[in-house]
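Counting along the sequence shown from 1, when you hit position 109 you're at 111 in the working numbering, and nothing is skipped either side.
Don't be surprised by glycine CBs; every beta carbon is placed ideally from N, CA and C.
For clarity, every value in this text was computed on a predicted model and none was experimentally measured.
Reviewing the structure listed below.
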Amino acid sequence: MTLLCFLNTLMMATGQMLFKAGSAGKSIGSVLDIIKLFFSPIVFVALCLYAATTGLWLFILSKVPMSHAYPIQALAFPIVLLASMFFFKETISPMKWLGVAIIVCGVFVATRG
Numbered sequence: 003m004t005l006l007c008f009l010n011t012l013m014m015a016t017g018q019m020l021f022k023a024g025s026a027g028k029s030i031g032s033v034l035d036i037i038k039l040f041f042s043p044i045v046f047v048a049l050c051l052y053a054a055t056t057g058l059w060l061f062i063l064s065k066v067p068m069s070h071a072y073p074i075q076a077l078a079f080p081i082v083l084l085a086s087m088f089f090f091k092e093t094i095s096p097m098k099w100l101g102v103a104i105i106v107c108g109v110f111v112a113t114r115g
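Written out as structure tokens, the structure is:
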């Protein structure tokens, strides 16, 4: 079940990256602009992925304690950080790397008990 939790986290992080890609360079000044953005191909795929992620999350929660499954979701932060560095050429500060290390250690500790 831990692998499904990690898959869920990967799907969630991928959705975030697609949201970023789909909204980059867009002028969003109203609710109507956001609604229009929902129907752009990249954002629409991200929304569908999020729907699938939610379905998988519900399945996971029906099988394992939340106290085991939920900490794994924290790995979305380091995954998105790494992906943003590679795909969006973002600069990652040393403090963010330190934060990632703390998160990864925390997930390791939290899922061992």
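Buried or exposed by the 16-neighbour rule on C-beta atoms within 10 Å, applied to Ala15: As a position in the sequence shown, residue 15 is number 13, starting the count at 1. Buried, by the Cβ-count rule.
Same chain, Cβ closer than 6 Å to Ser86, neighbours up to 5 away in sequence not counted: Position 84 of the sequence shown, counted from the start, is the residue given in the question as residue 86. Cβ neighbours of Ser86 within its own chain (closer than 6 Å, five residues either side excluded): Glu92.
Under 8 Å between C-beta atoms of Val102 and Phe79: Here residue 102 corresponds to residue number 100 of the sequence shown, with the count starting at 1. Here residue 79 corresponds to residue number 77 of the sequence shown, with the count starting at 1. Against a cut-off of 8 Å, the Cβ pair of Phe79 and Val102 comes out as a contact.
For Gly31, the three-state DSSP class (helix, strand or coil): Here residue 31 corresponds to residue number 29 of the sequence shown, with the count starting at 1. Note: Gly31 maps to coil in three-state DSSP.
Three-state class that DSSP yields for Leu77 in the structure shown: Start at 1 with the first residue of the sequence shown, and residue 77 comes out as number 75. Three-state DSSP puts Leu77 in coil, outside helix and strand.
Range covered by the alpha helix (DSSP H) that runs through Ile15: On the sequence shown, position 13 is the one that residue 15 refers to. Here residue 15 is Ala; the residue named in the question, Ile, does not match the sequence. Element bounds for Ala15: 4 to 25.
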